[in-house]
Amino acid sequence: MSDKGIAAGEGFSMPGTVRVARVVAWGMAVIGLVCVASAGWLFGARSAGITAVYFVPSWLLGLLAFAFGAVGDGIRICAVLLAVLNMLWTVPSIPAGHPPGWLGPLSAIVLVVLLFRRSARAWFTGQ
Numbered sequence: 030m031s032d033k034g035i036a037a038g039e040g041f042s043m044p045g046t047v048r049v050a051r052v053v054a055w056g057m058a059v060i061g062l063v064c065v066a067s068a069g070w071l072f073g074a075r076s077a078g079i080t081a082v083y084f085v086p087s088w089l090l091g092l093l094a095f096a097f098g099a100v101g102d103g104i105r106i107c108a109v110l111l112a113v114l115n116m117l118w119t120v121p122s123i124p125a126g127h128p129p130g131w132l133g134p135l136s137a138i139v140l141v142v143l144l145f146r147r148s149a150r151a152w153f154t155g156q
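In this note's numbering, the protein residues as written are 30 to 156.
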């Protein structure tokens, strides 16, 4: 049985790679919210603002993950580019001792690897 020609949402279930990528993106966005709220509660608004800067790409990825059910390779490419930006953006947090630390680049690498899988490409192109 071939899945070619079936668009997303028309009987073709989302592949595991895309589901895991979506969960990783949402997870990092939620971790960012928790870290910012914790920093604000424990250390004040200035600390919350500094912490929030490191999570901007994660929040954008989390919002984009809501569109992972749509057909369009542009969504996948945009998510990959945001993940690369997230990786580069969060590396300075490691020596500074701010969240997300190593979790930012590692989650970005996981997202890039998952979204470059053949099943993810097929999902977003609608094949």
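From the three backbone atoms N, C-alpha and C, an ideal C-beta is built for every residue, glycine too.
- In the DSSP annotation of this structure, the continuous segment of the alpha helix (DSSP H) that includes residue 50 starts and ends at 45-72.
- Across the structure, residue 98 and residue 43 are spaced so that their CA atoms are roughly 7 angstroms apart.
- DSSP places residue 105 within a helical segment (H, G or I) once states are collapsed to three.
- Put simply, the backbone Cα of residue 71 is about 29 angstroms away from that of residue 112.
- Per DSSP, the continuous alpha helix (DSSP H) segment holding residue 153 begins and ends at 147-154.
- Of the residues assessed, residue 117 falls on the exposed side of the cut-off, its CB having fewer than 16 other CB atoms within 10 angstroms.
- Look at residue 88 here: in three-state DSSP terms it is helix.
- Here DSSP, grouped into helix, strand and coil, assigns residue 133 to helix.
- Contact between the segment 71-84 and the segment 138-151 is not established, with fewer than three Cβ pairs separated by less than 8 angstroms.
- Comparing alpha carbon positions, the residue from 129, 150 and 145 closest to residue 62 is 129.
- Proximity to residue 150 across 93, 96, 102 and 79 peaks at 102, based on C-alpha coordinates.
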